[in-house]
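Here's the structure, in structure tokens; my notes come after.
There are 2 protein chains.
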Amino acid sequence: MMKISQRALSLTTSPIRRLGPYAVEAEKAGKKIYHLNIGQPDIETPPQFMEAIRSFNKKTVAYGPSQGDMHLIHQIQKYYKEWGMEYSEKNIFITSGGSEALELAALTLCDPGDEILVFEPFYANYNSFAKIAGAHVRAVPTSAETGYRLPDQETVEKYITNKTRLILLTNPGNPTGVVYNKKEMDMIAAVVKKHGLALIADEVYREFVYDGAYTSFGTYDDLADNLIIVDSVSKRYSACGARIGCLLCKNDDFTTQINKFCQARLCVPTVEQVGAAALYDTPKSYLEAVNQEYKKRRDTIAAGLAAIPGVISSDPKGAFYVMVKLPVDDAEKFAIWLLKDFDENGETVMIAPGNGFYAEPGKGVDEARLAYVLNCDDLKKAIHLLGEGLKAYPGRKI
Amino acid sequence: MMKISQRALSLTTSPIRRLGPYAVEAEKAGKKIYHLNIGQPDIETPPQFMEAIRSFNKKTVAYGPSQGDMHLIHQIQKYYKEWGMEYSEKNIFITSGGSEALELAALTLCDPGDEILVFEPFYANYNSFAKIAGAHVRAVPTSAETGYRLPDQETVEKYITNKTRLILLTNPGNPTGVVYNKKEMDMIAAVVKKHGLALIADEVYREFVYDGAYTSFGTYDDLADNLIIVDSVSKRYSACGARIGCLLCKNDDFTTQINKFCQARLCVPTVEQVGAAALYDTPKSYLEAVNQEYKKRRDTIAAGLAAIPGVISSDPKGAFYVMVKLPVDDAEKFAIWLLKDFDENGETVMIAPGNGFYAEPGKGVDEARLAYVLNCDDLKKAIHLLGEGLKAYPGRKI
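These protein sequences, in sequence, are chains A and B.
Using full-length UniProt numbering, the letters of the first sequence map in sequence onto residues 1 to 398.
Using full-length UniProt numbering, the letters of the second sequence map in sequence onto residues 1 to 398.
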């Protein structure tokens, strides 16, 4: 019999995907489910994607360069220039979604026993990428009651040890929807510089900011040697299934090393890169319209949540998530109960239990992440169902 | 300043790709290069691939299931049935090429310090996948002089320790082109069962066997609990750039665990999976014609190599590689010299240095891998250039 690695046994299933079987059962039983559990936008992918792919006419679908297709790299370079950031060709690596960028960065920076500093709650799969690299996630807590804002520098530094290699964050935030303000970003930059850390800034939701301007860590010139930006077309252009992301870094020591991991997996898909390159030609008006649509959805879900007694919610300023504290014994039990035992006129709602967005078991037990990726009418219904579910749930706390 | 992991520093660059810059320089200087260094077939991808992709008409390119697209899984199931192997849906996982299947299997089976048994020379990137998992590659040597055949069971068992978790092999072989006979396969099966190991059989070249029938390890019923098959459309349908592979395993303990790694990276590309599924509808005549073409190429390169004094070659029965021992001081120096300092009428040849296909430095120094992925006329020229290069090379040994 084969032996399974401790690494594999320590991985948890995705809080976003693991309740899938209950959803399948509920749908088999004829229930309609409003999905707030997964960040799969309903927005249409710009037609440029498939148009470019349909025009692909090479006779052989051959390996591409390990670094990525140069045309796509140039498109990304141009996009960053418009945001006021200069990256040369050699600073950009195409990856299989933001996910691979995160995994390769962790593998390049962390040996077994090293530590990755995150702000809790955080994107669930960061736990997996850390474990793949043998690293530990050390989490600085933030709370629903303070809107999941960052603590001050002194508090953050208490979590830094001689094993800390990097700070990993999402901005705008998944699962909280928080957008860091200048004070928070300056504090992070100061900590990174002072302690000689790497900073992995997962900025895939950059275009999804609803109140005021957005600042990328890429505009902090003195972070050039420390910063790794993770990006993706998945959310920006509603092309999650293309699995085309990228990693940007100006530190040559780092890029020399990550290039070896890229060579090991040969290359990312040729045809999807052709489509992704075309996405960067999508007119600005597309991104503006999408932003406006999500802003309306944000307003809709925020208003809906505010009207449910006992719910404490993050102040969602960006991305398309909101983290909520619910008046329940256990949000995972509640999520399963919503699928198995609840409906209103044959309809129910699916949410992602919050515990998976924390590093250690026992935290976030009464929290949940809601993805507002439905149109406003469906969102209203979904939040109504959540409220009705909370009234009827036997494990209600208050 | 960020700190780089020991893991990253220990990775080597690909012997297949690292001489690329010399090739770029040679081409800039106007040289024509015959590429025997990389296994990128010149064969056309079946039109079914792009036809299916052009018909893809979903409005949103959405995330797919982590396990893979069910239609593609069914197509693979059908293909295996034709080869006499029964795999149920839950036994098949779609991966980003065979590469990801190999990496995920290593991560699922090996903790830091564990050992992976291979037969040397072996596919260079096995070193990288092992290092990503923190495992050590322990190599059982085979040699050019004995045609890279496997030693007997007693010899193989000398390399097994209490840290050995799995045997990893390619059959037909990359870089040797060796196809294991029944005696060799029975021996491996016996070792795997006796020592309770996993067996990862990389069978991506299954259709490329030129003398007699091919037996898959998947037909060994008593290996069901130990066997992991790695497969891919890359070589079979000349669609390397699609990056669609798969992993097949009947051991539920293993598949439960690997599913968690699949969830962490969300899914493989949606559009390329649509194309890959259609590839399995390619008429058998395509695979037969490709096999015949490679058989001619195999005969061409074997005859050409036999005519060069001092060259010892493997007996290539499958895949599209041949491993050669060359009468030179250092095959890497020779490969660079061919690109920088040699030409005949403005033409030269590029080969992959053999040292990268060994676990430890200092081995395979006078060997090289040749990929016969060119048409017969070009192959004849390439081998002629190799012979002329060997005559003129200052570091010639004999």
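The beta-carbon is built from N, C-alpha and C at its ideal position, and this holds for glycine as well.
Every value quoted in this text rests on a predicted model; they were computed, and no experiment measured them.
### Task
Would you mind working out which of B:V349, B:E100, B:I92, B:P41 sits nearest N251 (chain B), comparing C-alpha positions?
Stepping through the second sequence from its first residue, residue 251 (chain B) is reached at position 251. The option with the nearest alpha carbon to N251 (chain B) is B:I92.
### Query
With distances taken from CA atoms, which of B:K28, B:G39, B:G68, B:K380 is nearest residue 399 (chain B)?
With chain B covering only 1 through 398, there is no way to say anything about residue 399 (chain B).
### Query
Three-state secondary structure (DSSP) at L305 (chain A)?
Taking the first residue of the first sequence as 1, we reach residue 305 (chain A) at position 305. Three-state result, L305 (chain A): helix.
### Query
For N345 (chain A), which of A:H74, A:E388, A:A359, A:I76 has the nearest alpha-carbon?
Taking the first residue of the first sequence as 1, we reach residue 345 (chain A) at position 345. Selected option, being the one with the closest Cα: A:E388.
### Query
Near A198 (chain B), what residues of its chain come up, given a Cβ to Cβ distance below 7 Å and the 5 sequence neighbours on each side ignored?
As a working note, residue 198 (chain B) is residue 198 in the second sequence. For A198 (chain B), where only same-chain residues beyond five positions count, the Cβ hits under 7 Å are L109, R165, L166, N226, I228.
### Message
Pop quiz: V192 (chain A) and G318 (chain A) are said to be a contact at Cβ under 8 Å. What is the actual Cβ separation, rounded to whole angstroms?
### Response
Residue numbering aside, residue 192 (chain A) sits at position 192 when the first sequence is read from its first letter. Residue numbering aside, residue 318 (chain A) sits at position 318 when the first sequence is read from its first letter. Their Cβ separation, rounded to whole angstroms, is 21 Å, which puts V192 (chain A) and G318 (chain A) out of contact at 8 Å.
### Message
Taking the alpha helix (DSSP H) that I53 (chain A) belongs to, which residues open and close that run?
### Response
Walking along the first sequence from the start, residue 53 (chain A) turns up at place 53. 48-54 is the extent of the alpha helix (DSSP H) around I53 (chain A).
### For Y34 (chain A): DSSP bridge partner residues
Counting from one through the first sequence, the residue named residue 34 (chain A) turns up at place 34. Partner(s): A:V349.
#### Entry: Cβ of E293 (chain A) within 9 Å of any chain B Cβ
Residue numbering aside, residue 293 (chain A) sits at position 293 when the first sequence is read from its first letter. False, the Cβ-Cβ gap to chain B never drops below 9 Å.
### Message
For R243 (chain A) and D42 (chain A), I'd like the C-alpha separation in whole angstroms.
### Response
Along the first sequence, one-based indexing puts residue 243 (chain A) at 243. Along the first sequence, one-based indexing puts residue 42 (chain A) at 42. Using only the alpha carbons, I get a separation of about 17 Å.
#### Entry: Exposed unless 16 or more other CB atoms sit within 10 angstroms - verdict on V233 (chain B)
Locating residue 233 (chain B) in the second sequence gives position 233, counting from the first residue. Classification for V233 (chain B): buried.
### Task
Leaving aside the five residues before and after A189 (chain A) along the sequence, list all residues of the same chain whose C-beta is less than 8 Å from its C-beta, in chain order.
For the purposes of this step, residue 189 (chain A) is taken as residue 189 along the first sequence, with counting starting at 1. Taken in chain order, the residues that qualify are L199, F217, Y220, D222, L223.
#### Entry: Spatial neighbours of N174 (chain A) in its chain, beta-carbon cut-off 6 Å, leaving aside the 5 residues before and after
As a working mapping, residue 174 (chain A) is identified with position 174 in the first sequence. Cβ within range, chain order: Y123, A319, Y321.
### Message
Need the endpoints of the alpha helix (DSSP H) that S10 (chain B) sits in, please.
### Response
Against the second sequence, residue 10 (chain B) aligns to sequence position 10. Unbroken alpha helix (DSSP H) run through S10 (chain B): 6-10.
### Residues of the segment 106-140 of chain A with Cβ closer than 8 Å to any Cβ of chain B, in chain order
L107, T108, L109, C110, D111, P112, D114, N125, S128, F129, I132, A133, G134
### Any C-beta of chain B under 9 Å from that of N251 (chain A)
Here the question's residue 251 (chain A) lines up with position 251 in the first sequence. Yes - at least one Cβ of chain B is within 9 Å of the one on N251 (chain A).
### Message
Distance check for I398 (chain B) and R7 (chain A), CA to CA, integer angstroms please.
### Response
Counted from its first residue, the first sequence places residue 7 (chain A) at position 7. Counted from its first residue, the second sequence places residue 398 (chain B) at position 398. Each residue's Cα considered, the two are about 51 Å apart.
### Query
Taking 9 Å as the CB-CB limit, is K325 (chain B) close to chain A?
Along the second sequence, one-based indexing puts residue 325 (chain B) at 325. No - not a single Cβ of chain A is within 9 Å of the one on K325 (chain B).
### Three-way DSSP call (helix, strand, coil) for D231 (chain B) in this model
Taking the second sequence and counting its residues from 1, one reaches residue 231 (chain B) at position 231. In this structure, D231 (chain B) counts as strand in the three-state DSSP scheme.
### Message
For a minimum of 3 consecutive residues, which ranges assigned as the beta strand (DSSP E) are wholly contained in the segment 74-110 of chain A?
### Response
92-96
### Task
Kindly indicate if chain A contains any beta-carbon less than 9 Å away from that of F56 (chain B).
Residue numbering aside, residue 56 (chain B) sits at position 56 when the second sequence is read from its first letter. Closer than 9 Å: yes.
### Message
Residues in the same chain with beta-carbon distance under 7 Å from T95 (chain A), minus the five sequence neighbours each way, listed in chain order, please.
### Response
Counted from its first residue, the first sequence places residue 95 (chain A) at position 95. Around T95 (chain A): A101, L104, G245, C246, L247, V268.
### Message
Whole angstroms are fine: how far does the CA of K90 (chain B) sit from the CA of L19 (chain A)?
### Response
Start at 1 with the first residue of the first sequence, and residue 19 (chain A) comes out as number 19. Start at 1 with the first residue of the second sequence, and residue 90 (chain B) comes out as number 90. Computed Cα separation, rounded: 18 Å.
### Task
List in chain order: all unbroken beta strand (DSSP E) runs of 3+ residues lying wholly within the segment 204-250 of chain B.
227-232, 244-249
### Query
chain B partners of Y63 (chain A), CB-CB under 7 Å?
Taking the first sequence and counting its residues from 1, the one referred to as residue 63 (chain A) is at position 63. Q40, C240, G241, listed in chain order.
### Message
Alpha carbons only, please: which of A:Y34, A:I351, A:G30, A:P46 is nearest the one belonging to S285 (chain A)?
### Response
The sequence position of residue 285 (chain A) within the first sequence is 285, counting from 1. When only C-alpha atoms are compared, the closest one is A:P46.
### Task
Could you round the C-beta distance between G113 (chain B) and G147 (chain B) to whole angstroms and report it? I think they count as a contact, below 8 Å.
On the second sequence, residue 113 (chain B) is found 113 positions in, with the first residue counted as 1. On the second sequence, residue 147 (chain B) is found 147 positions in, with the first residue counted as 1. Not confirmed; about 34 Å, so no contact.
### Message
Does any residue of chain B have a CB that is nearer than 9 Å to the CB of T13 (chain A)?
### Response
Reading the first sequence from its first residue, position 13 is the one you call residue 13 (chain A). Yes, because at least one Cβ of chain B sits closer than 9 Å to the Cβ of T13 (chain A).
### Bridge partners - R297 (chain A), DSSP secondary structure assignment
In the first sequence, counting from the first residue as 1, residue 297 (chain A) sits at position 297. Note: R297 (chain A) sits in no beta bridge, so no partner.
#### Entry: Neighbour flag for Q6 (chain B) against chain A, beta carbons, 9 Å
Your numbering for residue 6 (chain B) matches position 6 in the second sequence. For Q6 (chain B), the answer is yes, since a Cβ of chain A falls inside 9 Å of its Cβ.
### Query
Which one of A:I301, A:S14, A:S128, A:D330 has the shortest CA to CA distance from E367 (chain A)?
The residue given as residue 367 (chain A) occupies position 367 in the first sequence. Ranking A:I301, A:S14, A:S128, A:D330 by Cα distance to E367 (chain A) puts A:D330 first.
### Query
Name the chain A residues whose beta carbon is nearer than 8 Å to that of G97 (chain B)?
On the second sequence, position 97 is the one that residue 97 (chain B) refers to. By Cβ distance, chain A contributes R265, L266.
### Message
Could you give the first and the last residue of the continuous beta strand (DSSP E) run that contains Y321 (chain B)?
### Response
One-based indexing of the second sequence puts residue 321 (chain B) at position 321. Its beta strand (DSSP E) spans residues 321-325.
### Query
By Cβ distance below 8 Å, which residues in the same chain neighbour V328 (chain B) in space, the five residues on each side in sequence not counted?
Translated into the one-based positions of the second sequence, residue 328 (chain B) becomes position 328. Correct list, in chain order: F334, D366, L390, Y393, G395, R396, K397.
### Message
Using the Cβ count rule (16 or more neighbours within 10 Å means buried), how would you classify E154 (chain B)?
### Response
The count along the second sequence starts at 1 and reaches residue 154 (chain B) at position 154. That one is exposed.
### Query
Does the Cβ-Cβ distance between M2 (chain A) and D202 (chain B) come in under 9 Å?
Locating residue 2 (chain A) in the first sequence gives position 2, counting from the first residue. Locating residue 202 (chain B) in the second sequence gives position 202, counting from the first residue. No, they are not a contact pair.
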